[in-house]
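Residue 454 in our numbering sits at position 443 of the sequence shown; the count goes up by one each step and never skips.
Here a beta-carbon is modelled for each residue, glycine too, at the ideal position from N, C-alpha and C.
What follows is a set of notes on a single structure, which appears directly below.
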Amino acid sequence: MWARRTSQARNLQTTRFNLLLLEDGEYFLEDYSAFRYLEPLSSTHRKVQGRLKVCTRGLFFVPNDIILPITRFPFRWMPERPHVERLSGGKTQRCLAFRCNAVLEMRERGIDHPYVQRPTLEDDEETPAKFTFTLLYSTLENFIESVNKIYEVANLPRRSMNKVEEEKYLAPVLGPRLAVDFDPSLLVDFREQLLFSPGRAVTRIEPLLNHPGCLVLTNQRLYFEPAKLNNVVDPVLHWDYTDIEQLYKRRYLLRQTGLEIYLKGGQSFFFSFRTRRDRDSIYDLMVEQPTLARFERSALDEMMYKWQRRELSNFEYLMFLNNAAGRTRNDLTQYPVFPWILSDYTSESLDLTNPAVYRDLSKPVGALNEERLEFFRSRYEMMPRDEEGEGFPPPFLYGTHYSTPGYVLYYLVRMLPQYMLCLQNGKFDAPDRLFRSIQVTWEGCLNNHTDVKELIPEFFDETMSAEEWLTNHQQLDLGTTQSLERINDVELPKWANGSPADFVKKHREALESDYVSQHLHEWIDLIFGYKQQGEEAVSADNLFYYLSYEGAVDLETIDDPVGKCSLESQIQEFGQTPKLLFSTPHPAREENESHIQVATPDLIPSPRIRKPRMRDILRPPLQRTRRGRRAIELNQSSLDESSALDKKKLTIKIGMQRQYTLTCVQEPFLQVPRLIGEFAHDLLMKHGSGKPPKKWNWRSKLKHTESFSSNNWQWRESVRQPLHTGEITCSVLSKDDSTLFSTCKHSCFKVSSVTDGSTIRNINAKAALSCCDVSPDEKRLLVGCWDNRVYMYSLENGRVIDRVFAHSDGISAICVMHNRFLTSSWDSTIKLWSYTDKYLVASPIQTFLDCDEAVLSLDVSPGGKWGAAGARNGVVYLFNLRLATYHKEVMVSPDRRGDVASVCFAANSQTFVCMTLENELLQYNLDGEQLYRMEVNATGQVRCFESDGEYAVGGTTNGKIFFWKLNEPPGKEVVYEIPRAHETIICSLVVASNGSCVITGAIDGSVRVWRIQPKHRHKRKSTQKSISEYEALLARQHATHGTQPRALSFPTSYVALLEEAQGFLEG
């Protein structure tokens, strides 16, 4: 990354002028070839050839001679606007002339040095010097016309005008340059096809630089055409899809508008879109291109396990976490962050086996000094609470952050001096504050009340040259400290033996040491984990200024442009806290049984990120035939691959129209008769779900009692089996409840016996499996995968029959019916498909684009008419599957917006029950009316859930199973609880159709079968009753024969045996 950056820096030295020389908020507009006259008389005409650059706040003259400095002429220092006049001593030649009170000189001899301000007024002069130029290939009139438009704006009072107002005044100049019409002549191959037009307005983000432009996609490449604004690079940048290795959605200024591409050569490019919707549309269109490499994104838990097994080094794991949390070197506000590892920078030698040489990784930098921490705590306690409306920020411990643009450039000033000059308005920082010594910097982080910074990857990266950033190889004039110490190379610890490479090598060895491996998880909890924010952050002394956290402020909702600009500036200044990755403690490296709960929703299930808005790019919005109904879309491929029909069935009377509109995307008119006929035939096929109805029959067995032990029935564990090696993602039962079909994240699905847990069939896949469902005839199993595909397996021979590329992100849920199946994805779409015994139809019957967020759960009503999808934003979407139309959107969690983890139709198909990750159990009818709501009073989240509309059962993250009866008075909803069902998170649950058993799966791959049975106490009473009746019978017989009855005595073991036998028969 920085190899590219340093090569760019060398290129900047060659071209000399670059955007880093501009002020914040200033734009580069035009470039002219010109002569500057150093003397007023043309007869002597001492002149210098170069380039005259027009910017929104001044002019730059860049001499061709690298020895001469670049000169900046700010408009605000010009007492009058530039004008045209006759060149002194000349007869006809005209020139551009202006006076300027002072000039700025920079980059003399091609060296980055603090800018030099030179006044042009002598002590005895009142008129500033005149500067004279002639243009080589342009007319002076055009030049003056363009300059006059911006001169007046530049001379408005700076203190009373902010950046937003300045851009408003400059809109007539800037607007036409920001057009997003892509020039087709810039295509590499004239045969390429644009996938949409016009292009999308984007800004290419580099450290401290923004390049506005236009981004377009063709069927072969991604193009970025810079706008005619700040354009000092190539006229167009383009990348073949085959060269793109990774594609990431990013945030920029705490907004989800960023997109970053990584090329196979290691380069990366970061773009910011105007809206999240534009970003998502481009992302989804890119991942659907067939020539784009099908990159696989590593899941957090998978990489954690690799780190624990030492398949990943500490450095590699931290780089992965930084990337997963959105940290990138293209954005200095989100630069990768690494911890201070050592505390000994004074010893002659470094003993990495001595714990005393290490920093305490369980505390943030701000808490390493107890005396300073007391000051932070006292200030925190004195801050006003709950007065944000009065302009007071929420309380915080640290007003500065551990990673800001200034801190990054503090470390890299010797490698990237031009960036420091840009950040510091043409100056290096004061010499006493520059990075001059490792030991001095460490002591400052321990004792300074305004310094809590961590490190950057360069301290541990042996692949880059340490001399580049630890030595003053460019001979920069960095100044002299108050103690008259000249700033030159960074002073290294004695144990580094004066060698930057040795320092980085030993620092890396310290990072990979046993001590750090044993404690690194504690630092991860602070930066990426559950101690990052909230009460845990307060308890861990880890609370920073509120604007550094994602979600602290929604810039999209701020209408005031001035306030929005102010917040953006503060976010850039204070830095940004990484995206929260883990909501539970991160396990230690040597911990054998380790499970963790991912906090960021889009990192839980999916290796990619989310959601297509294809209709926004390729076609206008779908027509609505009625309120709440969308038009049905069918494309050419669906025509070609639909099942063959008798030609007689291909005709349909015009009068037999349904309440939907048929929209053909390709060649519609010739195919309409066949289209309508096939679609009508499809609608008239079997519509039932094919699944047995839910008849749990718990009404007489599960009732609320004061104590579960007094209940007449109990759930008993009948099978305990370590079925999978990883997290179970889905479980499905056969119709006779004898066979379990299950998938797991470790890329395999199994068919197993419910009776004894034995494996009947084991099939391995190439990617993590997320869901499965079995066909009604139980001959085919459809499996959803993280590679965005649906696979059809034969349960008779275990082979893959067919597969289809279903979504642009992983499949989150699947429901199989007689001849159709429904899929949902984390890309926020739902699709209805058809299939036969031999293949999957490659094009969906319908694609529902109504969901605004990723879809997490899915269910189909017992009759097969209705579909329900639970989304990430607390909404359930209802669909009429017989008409293939959208029905209704139901906001089930309006207050908390809790993710709908599970949704289930009731047995009568008239209501649905859902569970959110906020532990809300809710029941609604199909009109969206709430029928029941309950707060689940349980520790941990309910991650898996089933309901028949009368009862509900759920498994929690702390291993418990709860049984609830709906519509009961408050406090009487829980009718049974299994407190220690599993030792870890329950992530899968399925209930037999007759309610006789519940099967649960856990994150460790274990499966347990629970059966409902009467308790032994009743068996004993029944046994004793039989014995008593037998004794009475004997007494009557003895009375009849006139004999004395003998008392019967049954051994305890015999009674127990009778009880066990009776229990077996009843069970």
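CA-to-CA distance, residue j to residue i, given in whole angstroms
{"i": "Gly1089", "j": "Cys925", "result": "The chain is shown from 12 up to 1078; residue 1089 falls before or after that span and cannot be answered."}
{"i": "Val866", "j": "Leu432", "result": "47 Å"}
{"i": "Leu554", "j": "Ile352", "result": "21 Å"}
{"i": "Ile739", "j": "Val794", "result": "13 Å"}
{"i": "Thr491", "j": "Pro366", "result": "37 Å"}
{"i": "Leu806", "j": "Lys790", "result": "5 Å"}
{"i": "Ala817", "j": "Ile997", "result": "28 Å"}
{"i": "Thr736", "j": "Ser745", "result": "23 Å"}
{"i": "Leu303", "j": "Pro704", "result": "44 Å"}
{"i": "Val199", "j": "Asp289", "result": "25 Å"}
{"i": "Pro1025", "j": "Val986", "result": "15 Å"}
{"i": "Thr1011", "j": "Ala992", "result": "9 Å"}
{"i": "Thr588", "j": "His460", "result": "19 Å"}
{"i": "Ala212", "j": "Leu189", "result": "8 Å"}
{"i": "Leu220", "j": "Leu31", "result": "7 Å"}
When the options are compared against residue i, the one with the closest alpha-carbon
{"i": "Val911", "options": "Asp488, Arg62, Glu546 and Ala824", "result": "Ala824"}
{"i": "Gly121", "options": "Thr847, Thr82 and Pro90", "result": "Thr82"}
{"i": "Glu940", "options": "Lys971, Val901 and Leu107", "result": "Val901"}
{"i": "Tyr556", "options": "Asp513, Gln485, Leu522 and Val463", "result": "Val463"}
{"i": "Asn341", "options": "Thr364, Leu311, Met297 and Phe281", "result": "Phe281"}
{"i": "Lys160", "options": "Asp245, Ala182 and Gly61", "result": "Ala182"}
{"i": "Lys505", "options": "His757, Ala551, Arg425 and Ser448", "result": "Ser448"}
{"i": "Val419", "options": "Pro347, Asp192, Pro80 and Asn799", "result": "Pro347"}
{"i": "Val8", "options": "Ser358, Tyr273 and Asn773", "result": "No answer is possible for residue 8: it lies beyond the span of the chain, which begins at 12 and ends at 1078."}
Residues bridged to residue i (per DSSP)
{"i": "Met803", "result": "Leu793 and Asp813"}
{"i": "His249", "result": "Tyr234"}
{"i": "Leu215", "result": "Before going on, a small fix: residue 215 reads as Arg here, not Leu. In DSSP, Arg215 forms a bridge with His222 and Phe282."}
{"i": "Ser763", "result": "Leu751 and Thr770"}
{"i": "Trp844", "result": "Phe832"}
{"i": "Ser872", "result": "DSSP, once it has assigned bridges, lists no residue as partnering Ser872."}
{"i": "Arg83", "result": "Phe71 and Leu115"}
{"i": "Cys106", "result": "Glu96"}
{"i": "Gln934", "result": "Val924 and Tyr943"}
{"i": "Tyr987", "result": "Phe974"}
{"i": "Asn1099", "result": "In the structure as shown, the chain starts at 12 and stops at 1078, and residue 1099 therefore has no counterpart that could be examined."}
{"i": "Gly1012", "result": "Ser999 and Val1018"}
{"i": "Val127", "result": "Glu116"}
{"i": "Ala45", "result": "Gly61 and Leu146"}
Cβ-based neighbour list, residue i, same chain, cut-off 7 Å, excluding 5 preceding and 5 following
{"i": "Asn978", "result": "Tyr943"}
{"i": "Glu520", "result": "Leu363"}
{"i": "Ser769", "result": "Ser763"}
Contacting residues, own chain, Cβ-Cβ under 6 Å from residue i (five flanking each side not counted)
{"i": "His1079", "result": "Here the chain comprises residues numbered 12 to 1078, so residue 1079 is not present and cannot be evaluated."}
{"i": "Ala512", "result": "Ala477"}
{"i": "Leu248", "result": "Phe235"}
{"i": "Leu343", "result": "Pro218, Pro416 and Val419"}
{"i": "Arg261", "result": "Gly269, Glu271 and Gly337"}
Three-state secondary structure assigned by DSSP to residue i
{"i": "Ala6", "result": "Absent from the structure is residue 6, since the part of the chain shown begins at 12 and ends at 1078."}
{"i": "Pro187", "result": "helix"}
{"i": "Phe154", "result": "helix"}
{"i": "Arg727", "result": "strand"}
{"i": "Gly377", "result": "helix"}
{"i": "Thr344", "result": "helix"}
{"i": "Gly881", "result": "strand"}
{"i": "Glu473", "result": "coil"}
{"i": "Thr740", "result": "strand"}
{"i": "Ile665", "result": "Note on Ile665: pLDDT 28, under 50, position unreliable in the model; no value is reported."}
{"i": "Leu181", "result": "coil"}
{"i": "Cys955", "result": "strand"}
{"i": "Pro90", "result": "coil"}
{"i": "Arg447", "result": "coil"}
{"i": "Lys542", "result": "coil"}
Residue i beta carbon near the ligand NAP (any heavy atom closer than 6 Å)
{"i": "Leu793", "result": "Because no ligand of any kind appears in the structure shown, any question about the ligand NAP cannot be addressed here."}
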